[in-house]
Amino acid sequence: MALPRYSEKVGREIDEYALRVYKSDSHSPGFQRLPRCWNAKDRSRCLRLSHFALTVTYSGGFTERHDSNYSNHEPACVRADTPVPLTTGIYYFEITVAHKGNNGRSVSIGFSTKSASLAKLPGTLKTRTLWVLQ
Numbered sequence: 001m002a003l004p005r006y007s008e009k010v011g012r013e014i015d016e017y018a019l020r021v022y023k024s025d026s027h028s029p030g031f032q033r034l035p036r037c038w039n040a041k042d043r044s045r046c047l048r049l050s051h052f053a054l055t056v057t058y059s060g061g062f063t064e065r066h067d068s069n070y071s072n073h074e075p076a077c078v079r080a081d082t083p084v085p086l087t088t089g090i091y092y093f094e095i096t097v098a099h100k101g102n103n104g105r106s107v108s109i110g111f112s113t114k115s116a117s118l119a120k121l122p123g124t125l126k127t128r129t130l131w132v133l134q
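Residue numbering for the sequence shown follows full-length UniProt numbering, beginning at 1 and increasing consecutively.
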């Protein structure tokens, strides 16, 4: 997902920060951009993204979706707008879980390959999950 035009300044600031932290120059050949936000096109259907795609919210169930195949206990995943480059070495990010609900839902945060299912939590299938916190 591309950031909206008026947020190009935000994108430049992120690139400048990445240059300082990861010593990677966006003008050098072979530059691989770091993730900036969540990918609105690569997410489970029951997740909503904020305007800049920085916040993910698990949306309700049948009453909101009007879909008889939808359950509000459906696992949900979202991928970043670009993968973390393998050459990065150490990659730092922060996640805040504001509310997990009172119905026993699990929250999983992790890294996996592009082939991992968006309908399953990271680490629950025999895919190449690189790291999971549950």
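Ideal Cβ positions, reconstructed from N, Cα and C, are used throughout, including at glycine.
Tell me which residue opens and which closes the beta strand (DSSP E) that residue i is part of.
i, result
"residue 58", "56 to 58"
"residue 41", "38 to 43"
Buried or exposed for residue i, going by 16 or more other Cβ atoms inside 10 Å?
i, result
"residue 122", "buried"
"residue 119", "exposed"
"residue 112", "buried"
"residue 116", "buried"
I'd like to know whether the C-beta atoms of residue i and residue j end up nearer to each other than 8 Å.
i, j, result
"residue 76", "residue 44", "yes"
"residue 109", "residue 95", "yes"
"residue 58", "residue 49", "no"
Beta-carbon within less than 8 Å of residue i's beta-carbon, same chain only, minus the 5 sequence neighbours each way: which residues are those?
i, result
"residue 114", "79, 83"
"residue 87", "32"
Can you name, in chain order, every residue of its own chain whose Cβ lies under 6 Å from the Cβ of residue i, other than the five neighbours on each side?
i, result
"residue 54", "37"
"residue 85", "32"
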